[in-house]
Amino acid sequence: MSAAPLRIGVIVEGPDDARTVPGLVDRVLLDAVPALAGKLDEARTFRGIDASAPFVTWSAVDEEVRRHPVPRRHGHFGGRPAIEDARTAVLALRCFVAQEPQPAAVLMVRDSDGKPQERRRGLEQAREDFPWPFQVLLGVAHPMRECWVLAGFIPQTKEETASLADLRRELGFDPSARSDELDASSKTAKRSPKRVLGILLRGDGEREARCWTATDLGHLRGRGKDNGLAAFLGEVEARLAPLFSDRPPR
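58 is the number of the first residue of the sequence shown in this note's numbering; add one for each residue after it.
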């Protein structure tokens, strides 16, 4: 009889992130553990704090805490004040601790909104706050999730090639190669990742998904060095993949 699927908790910004992040996780798992090919759905499942949901958003953590009472986190972290999302992240992790059964790992992925170091350090404070009974993986998309998608964009048609060339002339750089230089402060700004992605993919969700499901992992890591994607993929490979290597599905 095969082992039960490993439960992976997911905390993200919203539904779009909840498509991209698990998809990237699966790519790394399949690359690192070839025995998972064709068996992913039997090997892992994604869930939120509410076990019936596949993810929880950062904005919903407080509501979930009211439904699943856990102690509030006060005071300093390692002698330093809390940074950014540290306290919210700890509360979310405590909710996952209270689950039965507990997850094997929890993914905490956040947009940087122009503050990549602060957001990262806040999540690290939460991870280091307690010897959690599961792996905790961190991701900071700089400046936002759309930049991780852009890192996987390779023109497939004449129209896409022309659109990218137009954007390179307008912006003065290739937004797929240097997505970290885009600006998340306004959706309509010239350097908005949402605007750039909209011009390139014209709202085609299936084409967008191919940017992270079909593009070579080496390409994603190379283009994701400065936007947080490479670091997140590294966390999945180092912290999550070994859990599956130790118990490949039968």
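All C-beta atoms, glycine included, are put in the ideal place defined by N, C-alpha and C.
Between residue 289 and the rest of its own chain, which residues show a CB-CB distance below 6 Å, the 5 nearest in sequence each way excluded? By one-based count along the sequence shown, residue 289 stands at place 232. Result list for residue 289: 196, in chain order.
Determine the direct distance from the alpha carbon of residue 204 to that of residue 62, and round the result to whole angstroms. Taking the sequence shown and counting its residues from 1, the one referred to as residue 62 is at position 5. Taking the sequence shown and counting its residues from 1, the one referred to as residue 204 is at position 147. Each residue's Cα considered, the two are about 31 Å apart.
Across the region 226-237 and the region 185-192, are there enough close Cβ pairs to call them in contact, namely three or more that are closer than 8 Å? The region 226-237 vs the region 185-192: no contact.
Would you mind reading off the limits of the beta strand (DSSP E) that contains residue 65? For the purposes of this step, residue 65 is taken as residue 8 along the sequence shown, with counting starting at 1. Taken as a continuous stretch (DSSP letters only), the beta strand (DSSP E) holding residue 65 covers 63-69.
Would residue 136 be called buried (16 or more neighbouring beta carbons within 10 Å of its own) or exposed? As a first step, residue 136 is located in the sequence shown; it is residue number 79 there, counting from the start. Classification for residue 136: exposed.
Mind checking residue 98: buried by the 16 CB within 10 Å criterion, or exposed? Working through the sequence shown from its first residue, we reach residue 98 at position 41. It is exposed - the Cβ of residue 98 has fewer than 16 other Cβ atoms within 10 Å.
Residue 162 to residue 79 span [Cα, whole Å]: Counting from 1 along the sequence shown, the entry for residue 162 is found at position 105. Counting from 1 along the sequence shown, the entry for residue 79 is found at position 22. Roughly 13 Å between the two C-alpha positions.
Which class does residue 84 belong to by DSSP, given the choice of helix, strand or coil? The count along the sequence shown starts at 1 and reaches residue 84 at position 27. In the structure shown, residue 84 sits in a helix (DSSP, three-state: H, G or I).
Alpha carbon to alpha carbon, how far is residue 183 from residue 153? On the sequence shown, position 126 is the one that residue 183 refers to. On the sequence shown, position 96 is the one that residue 153 refers to. Taking the straight line joining both Cα atoms gives about 13 Å.
Can you tell me whether residue 301 is helix, strand or coil according to DSSP? Here residue 301 is taken as the residue at index 244 of the sequence shown, counted from 1. It is helical.
Going by DSSP, name the residue or residues bridged to residue 165. In the sequence shown, counting from the first residue as 1, residue 165 sits at position 108. Bridge partners of residue 165: 68, 195.
Between the region 130-144 and the region 102-114, can you find at least three pairs of beta-carbon atoms closer than 8 Å? No, they do not touch.
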